[in-house]
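Peer 1:
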Amino acid sequence: DTQRIDGKAAAAALSAETAAKVTEWTASGHRRPALAVVLVGEDPASQVYVRNKQRQTEAVGMRSIGHHLPADIDQAALLHLVAELNADPEVDGILVQLPLPKHIDTARVIAAIDPDKDVDGLHVVNAGRLANGLAGLVPCTPLGCLILLEQTLGREALRGANALVIGRSILVGKPVAQLLLGANCTVTIAHGSTRDLPDAVRAADIVVAAVGRPKLIAGGWLKPGATVIDVGINRVETPAGKSQLVGDVDYESAQGIAAHITPVPGGVGPMTIACLLANTLKAAELRRARLLA
Ligand code: NAD
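The opening position of the sequence shown corresponds to residue 5 in full-length UniProt numbering, with each subsequent residue numbered one higher.
Take a look at the structure:
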């Protein structure tokens, strides 16, 4: 039988752990870890995400500092705010909600964030640290994927396993592949130019799908007993005309073939914010270590 990996429960457990560590941190005399969230413009989805992040930050006992800027803010003003947050001793983590308006150079804004406050783990310095096996801040969704795999299979089962990552974005695919390599998997990365995706899937003990195409991966391609982490979030219309979220993997046809699979929604999604909170605490610890050094 196929086991459904419960990302909601795993996220709740991780956040409870973070909350306990925050209590310990403040009890030993440190100020509460603080996350600054920068939102530019009025995109409704981004507003929902930001509100959610702020609410959950406070729920684990950390401080949330919101900065809402108008959609037409110029790049220099945004960079100025980032510089201020970098220099602010009261701020541990900085998150700039993406996407940014088109007139803003996103790469430049991310590059301006202090890497030790970069709780999204998107700065090139953090990507480099991850690639070189150095301590740093790891992107939240990839970290969530690794934690789910470790909890489902155990660290030892990852050693030498054939892991296929589908997708090579800076946000998901590449960092997931680096984390799996760090966990001693034999890693293959498939992408839009891969010639025979079904064949690559057939060889994989672990499949992490991060493409953004509804039900691209058929259950019948999977190796029997494979573990599937489905990062894809795709909005589709049902035959009845209703809107529904589905993953990159066809969840129904994977039943009875995969050993474990994350549902969409309720799989990787909830882990992302839980990892953001864990990263904010980690940033506070990094900041403290830097002050002591
Ligand atoms: P992206 O568009 O930046 O990257 C998609 C990748 O898929 C590319 O590297 C491309 O080469 C590859 N690809 C495209 N077509 C392919 C094909 N036919 N076969 C194999 N590979 C193919 O997307 P992203 O930002 O990496 O996000 C991927 C998906 O994950 C999206 O559905 C997104 O919504 C979702 N996502 C979820 C979370 C979360 O759960 N919190 C976070 C980030 C992204």
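In this text, a Cβ means the ideal position worked out from N, Cα and C, and glycines have one as well.
If A287 sits next to D96, beta carbons under 8 angstroms apart, how far is it from one beta carbon to the other, in whole angstroms?
Peer 2: 5 angstroms
Peer 1: Check this for me: beta carbons of A204 and L152, under 9 angstroms apart or not?
Peer 2: no
Peer 1: Who are the near neighbours of G137 in its chain, counting only those whose CB is closer than 8 angstroms to its CB and skipping five residues on each side?
Peer 2: G186
Peer 1: Considering only the alpha carbon of each residue, which of D209, V176 and R172 lies closest to T198?
Peer 2: R172
Peer 1: Taking a contact to mean a Cβ-Cβ separation below 9 angstroms, would you say I170 touches A131 in this structure?
Peer 2: At a Cβ-Cβ threshold of 9 angstroms, I170 and A131 do not count as neighbours.
Peer 1: Give the single residue among A181, R239 and A63 whose Cα lies nearest to the Cα of A135.
Peer 2: A181
Peer 1: Check whether the segment 43–55 and the segment 70–88 touch, using three or more Cβ-Cβ pairs below 8 angstroms as the test.
Peer 2: yes
Peer 1: Can you tell me the Cα-Cα spacing of R112 and V129, whole angstroms?
Peer 2: 13 angstroms
Peer 1: Can you tell me whether S32 is buried or exposed, with buried defined as 16 or more other CB within 10 angstroms of its CB?
Peer 2: exposed
Peer 1: Tell me whether T198, by its Cβ, gets closer than 8 angstroms to a heavy atom of the ligand NAD.
Peer 2: yes
Peer 1: Let's see if you can read the secondary structure: which residues bound the beta strand (DSSP E) around S247?
Peer 2: S247 to V250
Peer 1: Using only the heavy atoms of the ligand NAD, determine whether one of them is closer than 8 angstroms to the beta carbon of A207.
Peer 2: no
Peer 1: Across the segment 224–243 and the segment 107–127, are there enough close Cβ pairs to call them in contact, namely three or more that are closer than 8 angstroms?
Peer 2: no
Peer 1: Quick one: what's got a C-beta closer than 8 angstroms to A120's C-beta in the same chain, skipping five residues either side?
Peer 2: In the sequence under discussion, the amino acid at residue 120 is Asp, which differs from the Ala named in the question. So the list reads L141, A287, L290, R291 and R294, once near-sequence residues are dropped.
Peer 1: Going along the chain, which unbroken runs of the beta strand (DSSP E) with 3 or more residues stay wholly within the segment 225–286?
Peer 2: 231–234, 238–241 and 247–250
Peer 1: Let me check understanding here. Comparing Cα to Cα, which of L162, I261, G245 and N238 lies closest to K227?
Peer 2: Nearest of L162, I261, G245 and N238 to K227, Cα basis: I261.
Peer 1: Taking a contact to mean a Cβ-Cβ separation below 9 angstroms, would you say T145 touches A214 in this structure?
Peer 2: Yes; because the gap between Cβ atoms is below 9 angstroms, this pair is in contact.
Peer 1: With three or more beta-carbon pairs closer than 8 angstroms as the criterion, would you say the segment 21–38 touches the segment 98–108?
Peer 2: Touching, no.
Peer 1: Starting from N166, follow its DSSP beta bridges and name the residues at the other end.
Peer 2: T190
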